[in-house]
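If you're matching them up, the sequences are chains A and B in order.
Counting in full-length UniProt numbering, the first sequence runs from 1 upward without gaps.
Counting in full-length UniProt numbering, the second sequence runs from 1 upward without gaps.
Note that beta-carbon positions come from the ideal geometry of N, C-alpha and C, so glycine has one too.
Data block below; observations after.
There are 2 protein chains.
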Amino acid sequence: MKVEIWSDVACPWCFIGKRRFESALENFEHKDEVEVQWRSYQLDPTLPQHYDGTETEYLSEIKGMPQQQVRQMFEHVTAQAAGEGLSYDFDKIVVANSFMAHRFMHLAKEHGRMDAAKEALLSGHFEHGEDIGDIDYLVRTGVVLGLDEPEVREALAGDKYSAEVRADIAEARALGVNGVPFFVLDRKYGISGAQPAEVFGRALQQAWGERSPLTVLPGNANDGATCGPEGCN
Amino acid sequence: MKVEIWSDVACPWCFIGKRRFESALENFEHKDEVEVQWRSYQLDPTLPQHYDGTETEYLSEIKGMPQQQVRQMFEHVTAQAAGEGLSYDFDKIVVANSFMAHRFMHLAKEHGRMDAAKEALLSGHFEHGEDIGDIDYLVRTGVVLGLDEPEVREALAGDKYSAEVRADIAEARALGVNGVPFFVLDRKYGISGAQPAEVFGRALQQAWGERSPLTVLPGNANDGATCGPEGCN
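Here is the structure:
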């Protein structure tokens, strides 16, 4: 069974949702047969590469949200995050565009390290005040993940994996996703938001129970030639 | 709608099947909404990097097939290929392991050129006696496709995209594929072999008619928070 999760790095509910989904998956009896794939999404593609101010200032000044409302939102999210063992620190958050971070995760995917990259960037952004728009931070993170330093730097300095990020975003649009995190099970069921683990658990059970093997359509027996290990017919 | 096609380069029915599928797709009214993805498969992973002999010799000497039977098979396939406008030349075929060629196609995929790469290698192998196991041939082909020469050479000289090739092959095994070409429509229907275009056409119609949008499962309204373009709730 395949689970695709559209999410952004600069998305507080995405980290919380990751923990809740992981908790459900950990308790799912067929967890070894579940493939999880992270897909890119950008909540705010208009974010500058770097913004010299706090997240509160960005949301109130640029997005026009009342400061009081922003602070209440942060308090609520921080409490929810703490419930999942996460230590959000909104005062330290560096406001940055996440596009390069998404390219970095696609590079990590190529080396089988996408989940570790996702985890590192979410933690760096929300818990440790790291700048996810800074190439040096991403290169350092890549090295910690076991990636090759020159390869990471060269890939990020150019435009590698931009197409993959854009393709993920386009696919989200095609599926009707308009907020993240968004979980897709076997392209059949969608779950919107950082739902409680029980919701994910029930969805995993349901999708598992309904999964079906491929139906091989009957073809023309005289044609329909294939080649196999023992030659072609 | 998504169509995944598992196929090998060293697979005579795969090129014929490609043409027949393309013909069906060309006549399919929703062709612009069909995404085709080539997936890797190796008919014979034990093939040496290079074999100094003809395909006939390889199949008869190494695989123990009677020469007469091999020749009849080639004649039949060559006639079928000709029916699709392809000029197979089995006397010129260079016997080579296709693993590097598959890695090359995954590199091409990153630049949106996978279909063109597949076409070039199949034609090179079956029509022009090119050596698909030769890095220089692959680099030359990459340049023709608009890829960056040093990037192609460096990727192929290392082990880049090996994981992707192996993942494709593992997925084929999981789906029960034991011969190629194998076509999978929306992970729902499978079609085995180089079927006539009409078979592909009917399958496209059927899968299109039955495609369904995601069912978004109801969650807990108070939880299930998401972030969207206008902030988080």
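> In the structure shown, what three-state DSSP assignment does K2 of chain A receive?
Replying inline: Three-state result, K2 of chain A: strand.
> Rounded to whole angstroms, how far is the Cβ of A194 of chain A from the Cβ of G17 of chain A, which I believe are closer than 8 Å?
Replying inline: Beta-carbon to beta-carbon, A194 of chain A and G17 of chain A are separated by about 3 Å, close enough to satisfy the 8 Å threshold.
> What residues in the stretch 178–192 of chain B bring their beta carbon closer than 8 Å to a beta carbon of chain A?
Replying inline: Hits within the stretch, in order: N178, G179, V180, P181, F182, V184, D186, R187, K188, Y189, G190, I191, S192.
>> Restricting to runs no shorter than 3 residues, where is the beta strand (DSSP E) found entirely within the stretch 51–135 of chain A?
In response: None, since the stretch 51–135 of chain A contains no complete beta strand (DSSP E) of that length.
>> Check whether chain A comes within 9 Å of L59 of chain B, counting only Cβ atoms and requiring the distance to be less than that.
In response: For L59 of chain B, the nearest beta carbon of chain A is closer than 9 Å to its own beta carbon.
> Hey, out of B:V77, B:L47, B:Y137, B:D52, whose CA is closest to A225 of chain A's CA?
Replying inline: A225 of chain A has its Cα closest to that of B:V77, out of B:V77, B:L47, B:Y137, B:D52.
> Mind checking whether K160 of chain A and L107 of chain A have CB atoms under 9 Å apart?
Replying inline: Taking 9 Å as the Cβ cut-off, K160 of chain A and L107 of chain A qualify as a contacting pair.
> Does E164 of chain A have its Cβ less than 9 Å from a Cβ in chain B?
Replying inline: E164 of chain A has a beta carbon lying within less than 9 Å of a beta carbon in chain B.
>> Spatial neighbours of C232 of chain B within its chain, please: C-beta separation below 8 Å, excluding the five flanking residues on both sides.
In response: Spatial neighbours of C232 of chain B in its own chain (CB-CB distance under 8 Å, excluding positions within 5 residues in sequence) are listed in chain order as A225, T226.
> Taking C-alpha atoms, which residue in A:G112, A:Q37, A:F15 lies nearest to E164 of chain B?
Replying inline: Cα-wise, what sits closest to E164 of chain B is A:G112.
> Is any beta-carbon of chain B found at less than 9 Å from that of S212 of chain A?
Replying inline: Chain B, which has a Cβ nearer than 9 Å to the Cβ of S212 of chain A, makes this yes.
> Would you report the Cα separation of V3 of chain B and C14 of chain B, rounded to the nearest angstrom?
Replying inline: Straight across, the Cα-Cα distance linking V3 of chain B with C14 of chain B is about 15 Å.
>> Less than 6 Å between C-beta atoms, sequence neighbours within five positions excluded: which residues of the same chain meet that for A10 of chain B?
In response: Here A10 of chain B has S98 as same chain residues with Cβ atoms under 6 Å from its own Cβ, once five neighbours each way along the sequence are excluded.
> Taking the alpha-carbon positions, what's the D136 of chain A to E154 of chain B distance?
Replying inline: Here the alpha carbons of E154 of chain B and D136 of chain A stand approximately 24 Å from one another.
>> Across the stretch 84–96 of chain B and the stretch 40–59 of chain B, are there enough close Cβ pairs to call them in contact, namely three or more that are closer than 8 Å?
In response: Counting C-beta pairs with one atom in each stretch, the stretch 84–96 of chain B and the stretch 40–59 of chain B have three or more that are closer than 8 Å, which means they touch.
> Would the beta-carbon of D115 of chain B fall within 9 Å of that of V199 of chain B?
Replying inline: Taking 9 Å as the Cβ cut-off, D115 of chain B and V199 of chain B do not qualify as a contacting pair.
> Since V34 of chain B and L43 of chain B are thought to touch, with beta carbons under 8 Å apart, how far apart are those beta carbons, to the nearest angstrom?
Replying inline: Contact between V34 of chain B and L43 of chain B does not hold, since their C-beta atoms are separated by about 26 Å, which reaches or exceeds 8 Å.
> Where does G146 of chain A sit, in a helix, a strand or coil, going by DSSP?
Replying inline: Three-state DSSP puts G146 of chain A in coil, outside helix and strand.
> From the beta carbon of K118 of chain A, is the nearest beta carbon of chain B less than 9 Å away?
Replying inline: No, K118 of chain A lies away from the interface with chain B (no Cβ there is under 9 Å from its Cβ).
> Can you list, in chain order, the residues of the stretch 19–48 of chain B whose Cβ is nearer than 8 Å to any Cβ on chain A?
Replying inline: Result list: L43, D44.
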